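Enquirer: Using UniProt numbering, the first residue of the sequence shown is number 2, and each one after it goes up by one.
Using N, Cα and C, we set each Cβ at its ideal position, and we do this for glycine too.
Predicted model, so just to flag it, every value in this text is computed and none were measured.
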Amino acid sequence: SKNTLIIGAGGVGNVVAFKCAMNADTFGNITLASRTLSKCDAIAANVKEKTGVEIQTRAVDADSIPELKELIAATGASIVINVALPYQDLTIMDACEEMQVDYLDTANYEHPDTAKFEYKEQWARDEEFRKANIMGLLGSGFDPGATNVFCAYAQKHYFDEIHTIDILDCNAGDHGYPFATNFNPEINLREVSAKGRYWENGEWIETEPMEIMQVWDYPEVGPKDSYLLYHEEMESLVKHIKGLKRIRFFMTFGQSYLTHMKCLENVGMLGIKEVEHKGMKIVPMEFLSTLLPDPASLGPRTKGKTNIGIFAKGLKDGKERSIYIYQVSDHEECYAEVMSQGVSYTTGVPAMIGAKLMLEGKWEGKGVFNLEQLDPDPFMEEMNKQGLPWKVMELGEDETRIVE
Ligand code: NDP
2 SKNTLIIGAG GVGNVVAFKC AMNADTFGNI TLASRTLSKC DAIAANVKEK
52 TGVEIQTRAV DADSIPELKE LIAATGASIV INVALPYQDL TIMDACEEMQ
102 VDYLDTANYE HPDTAKFEYK EQWARDEEFR KANIMGLLGS GFDPGATNVF
152 CAYAQKHYFD EIHTIDILDC NAGDHGYPFA TNFNPEINLR EVSAKGRYWE
202 NGEWIETEPM EIMQVWDYPE VGPKDSYLLY HEEMESLVKH IKGLKRIRFF
252 MTFGQSYLTH MKCLENVGML GIKEVEHKGM KIVPMEFLST LLPDPASLGP
302 RTKGKTNIGI FAKGLKDGKE RSIYIYQVSD HEECYAEVMS QGVSYTTGVP
352 AMIGAKLMLE GKWEGKGVFN LEQLDPDPFM EEMNKQGLPW KVMELGEDET
402 RIVE
């Protein structure tokens, strides 16, 4: 039988643990391991109470390959679901390769000191993964993740050729704090304070941070200010979606969030280099994370909806076509089901689905893969069953969802 090892007991790890337990026939014995054992135990207790399923817990330092190997051996895992931080991707991948077990993550590797995210080092492990006869699934969250699958689904069922894709990530949730981040503050703030970038006619075009804003009208949410950011799924999509002429990514932010961020940035609080403070070395961004509300604590207080999707334009049978494939989640409903708000929910469910398809052999292959390289249909089917129902909106000729 197959067993499952989940690494990382944050907001996303909580959802993955719940969702794997709710599909225990597929996941076998489930172990949740993370740096802080008490966080794993708290999740396991909630899972037991709400689902009746017992999961095991372990402490692990996922920066240490020997510790990881020992853990993989002890749990007899057939798959490792990595929902720790992007800094741990490479050590966990290497441990999986040495132990010959499948690997899945939700975010691409970042070096703690450089704030640069790209697939290069993970793709470079393709050869070793093939040799080890294992599969690595990269970026199986919502975006990256479900958005990549939406693109593959559009390509398979709606278009002969996709010309443009806009990935739209709208979070209309309100947690009532003046300022907080929905997931790990370091990762979140690094992403949004970086320069923007999009791809057009074979080239990457850089923008200043938050330079390009459009107001998109999100079904079931309404119009929201949406800012162009660089986002990692574009790197793989430009390789795999043939005939693409442009791809961009937009995320919604409220004015108050941006004002807070600008202010923190101006005073140096987003810095990722050590500074000396009263004889101690501190990293401003890490200190800021300590001050901000723990993203996990936002769950019980967040209201409102998320809407994430892809807006694609292209040709079908010689005619122009535009569609929006999207998924709407409600923060309070997510919390009621698994005790996490919508952002963790929409990331954790696709992680579980990717792992389920791998364990069931519906998605298979040797080497490392991005989600758009695999058949989108079983993933889309699972989304409908596992709490992420999606819709396709077909737009009329010259109809647009951009308001301004
Ligand atoms: P959290 O910060 O809430 O949780 C991260 C967890 O990883 C914590 O439990 C932390 O332990 C643990 N951890 C960190 N370092 C280590 C280590 N060296 N060894 C063992 N455990 C470690 O983050 P989230 O749950 O919000 O996010 C998890 C992942 O999901 C991130 O990689 C994030 O980028 C990704 N993500 C992807 C999205 C997508 O749509 N694709 C969207 C949102 C997030 P401790 O509790 O001790 O600090």
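Can you give me the start and stop residues for the alpha helix (DSSP H) that Gln-256 sits inside?
Expert: Its alpha helix (DSSP H) spans residues 256-267.
Enquirer: Contact check, Ala-181 vs Pro-351 under 8 Å by CB: the rounded distance?
Expert: At roughly 23 Å, the Cβ-Cβ gap does not stay under 8 Å, so Ala-181 and Pro-351 are not in contact.
Enquirer: Cβ of Val-350 within 8 Å of any heavy atom in the ligand NDP?
Expert: For the ligand NDP, not one heavy atom lies less than 8 Å from the Cβ of Val-350.
Enquirer: Taking buried to mean at least 16 other C-beta atoms within 10 Å of its own C-beta, is Leu-358 buried or exposed?
Expert: Looking at its Cβ environment, which holds 16 or more other Cβ atoms inside 10 Å, Leu-358 is buried.
Enquirer: Alpha helix (DSSP H) containing Phe-28: first to last residue?
Expert: First-last of the alpha helix (DSSP H) with Phe-28: 25-28.
Enquirer: In the DSSP assignment, the alpha helix (DSSP H) including Phe-288 goes from what residue to what residue?
Expert: Element bounds for Phe-288: 285-292.
Enquirer: Please classify Ile-403 as buried or exposed, where buried requires at least 16 other C-beta atoms within 10 Å of its C-beta.
Expert: Counting Cβ neighbours within 10 Å, Ile-403 comes out exposed, since fewer than 16 surround it.
Enquirer: At a cut-off of 8 Å, is Pro-113 close to the ligand NDP when judged by its beta-carbon and the heavy atoms of the ligand?
Expert: Result no, Cβ not under 8 Å from the ligand NDP.
Enquirer: Would you call the region 213-227 in contact with the region 276-288, where contact means no fewer than 3 C-beta pairs closer than 8 Å?
Expert: Touching, no, given that fewer than three Cβ pairs across the two stretches are closer than 8 Å.
Enquirer: Entirely within the region 123-168 and at least 4 residues each: give me those alpha helix (DSSP H) ranges in chain order.
Expert: The qualifying runs are 127-132, 147-158.
Enquirer: Give the single residue among Pro-145, Gly-315, Ser-194 whose Cα lies nearest to the Cα of Ile-309.
Expert: Nearest option by C-alpha distance: Pro-145.
Enquirer: Look up residue 406 in the DSSP assignment and give the residues it is bridged to.
Expert: Because the chain is modelled from 2 through 405, residue 406 falls outside the range shown and cannot be assessed.
Enquirer: With DSSP run on the structure shown, which of helix, strand or coil describes Pro-220?
Expert: If DSSP states are grouped into helix, strand and coil, Pro-220 belongs with coil.
Enquirer: Please tell me whether, using a cut-off of 8 Å, the distance from the CB of Arg-59 to the nearest non-hydrogen atom of the ligand NDP is below it.
Expert: Arg-59 Cβ: outside cutoff for every heavy atom of the ligand NDP.
Enquirer: Given a threshold of 16 other Cβ atoms within 10 Å of its Cβ, counted over all protein chains shown, does Lys-383 qualify as buried or as exposed?
Expert: It should be pointed out that residue 383 corresponds to Glu in this sequence rather than to Lys. When all chains shown are included, Glu-383 counts as buried.
Enquirer: Could you pull the DSSP bridge partners for Asp-273 from this structure?
Expert: The amino acid at residue 273 is misidentified as Asp; the sequence shows Ile. Paired residue(s): none; Ile-273 is not in a bridge.
Enquirer: Roughly how many whole angstroms lie between the Cα atoms of Ser-227 and Glu-234?
Expert: Ser-227 and Glu-234: Cα-Cα distance of roughly 18 Å.
Enquirer: Any heavy atom of the ligand NDP closer than 8 Å to the Cβ of Gln-89?
Expert: It does: the Cβ of Gln-89 is within 8 Å (strictly closer) of some heavy atom of the ligand NDP.
Enquirer: Looking only at C-alpha atoms, which of His-158, Phe-250, Ala-108, Leu-190 sits nearest to Gly-197?
Expert: It is Phe-250 whose Cα lies nearest to the Cα of Gly-197.
Enquirer: When you compare the CB positions of Ser-330 and Thr-307, do they come within less than 9 Å of one another, or not?
Expert: In this structure, Thr-307 lies closer than 9 Å to Ser-330 by Cβ.
Enquirer: In the DSSP assignment, what residue or residues form a beta bridge with residue 1?
Expert: Outside the displayed range of the chain (2 to 405) lies residue 1, so it cannot be described from this structure.
Enquirer: Only counting the same chain, and skipping five residues up and downstream in sequence, which positions put a Cβ closer than 6 Å to that of Gln-101?
Expert: For Gln-101, where only same-chain residues beyond five positions count, the Cβ hits under 6 Å are Ala-133, Ile-135.
Enquirer: Which residue from Met-262, Asp-218, Lys-157, Val-222 puts its Cα closest to that of Glu-373?
Expert: Closest option to Glu-373, Cα to Cα, is Lys-157.
Enquirer: Count Cβ pairs between the region 60-73 and the region 3-10 that sit closer than 8 Å; are there 3 or more?
Expert: The region 60-73 is in contact with the region 3-10.
Enquirer: Is Lys-40 near the ligand NDP, judged by its Cβ being under 8 Å from some heavy atom?
Expert: Yes; taking the cut-off as 8 Å, the Cβ of Lys-40 has a heavy atom of the ligand NDP nearer than that.
Enquirer: Assuming the contact rule is C-beta atoms closer than 8 Å, Pro-296 and Ile-188 should be a hit. Round their C-beta distance to whole Å, please.
Expert: Contact flag wrong, Cβ pair sits at about 10 Å.
Enquirer: May I ask whether a heavy atom of the ligand NDP can be found less than 8 Å away from the beta carbon of Asp-64?
Expert: Yes; taking the cut-off as 8 Å, the Cβ of Asp-64 has a heavy atom of the ligand NDP nearer than that.
Enquirer: Look at Arg-59 and Thr-32 and say whether their C-beta atoms are less than 9 Å apart.
Expert: Contact: yes.
Enquirer: Hey, out of Tyr-178, Ile-80, Thr-148, whose CA is closest to Lys-392's CA?
Expert: Comparing Cα-Cα distances from Lys-392 to each of Tyr-178, Ile-80, Thr-148, the minimum goes to Thr-148.
Enquirer: Give a single yes or no on whether Thr-208 has its beta carbon closer than 8 Å to a heavy atom of the ligand NDP.
Expert: For the ligand NDP, not one heavy atom lies less than 8 Å from the Cβ of Thr-208.
Enquirer: Let me check one thing: in DSSP terms, what residues is Glu-361 bridge-paired to?
Expert: In DSSP, Glu-361 forms no bridge with anything.
Enquirer: Here's the rule I'm using: 16 or more other beta-carbon atoms within 10 Å means buried, otherwise exposed. How should Lys-40 be labelled?
Expert: Under this definition Lys-40 is a buried residue.
Enquirer: What residues are listed by DSSP as bridge partners for Gly-310?
Expert: Per DSSP, Leu-169, Tyr-327.
Enquirer: Since Ile-80 contacts Asp-95 with CB under 8 Å, what's their CB separation in whole angstroms?
Expert: The pair is not a contact, with the Cβ atoms about 16 Å apart (cut-off 8 Å).
Enquirer: Rounded to a whole number of angstroms, what is the C-alpha to C-alpha distance between Thr-303 and Gln-328?
Expert: Those two C-alpha atoms are separated by around 18 Å.
Enquirer: What is the rounded straight-line gap between the Cα of Asp-175 and the Cα of Glu-99?
Expert: When rounded, the distance between both Cα atoms is 44 Å.
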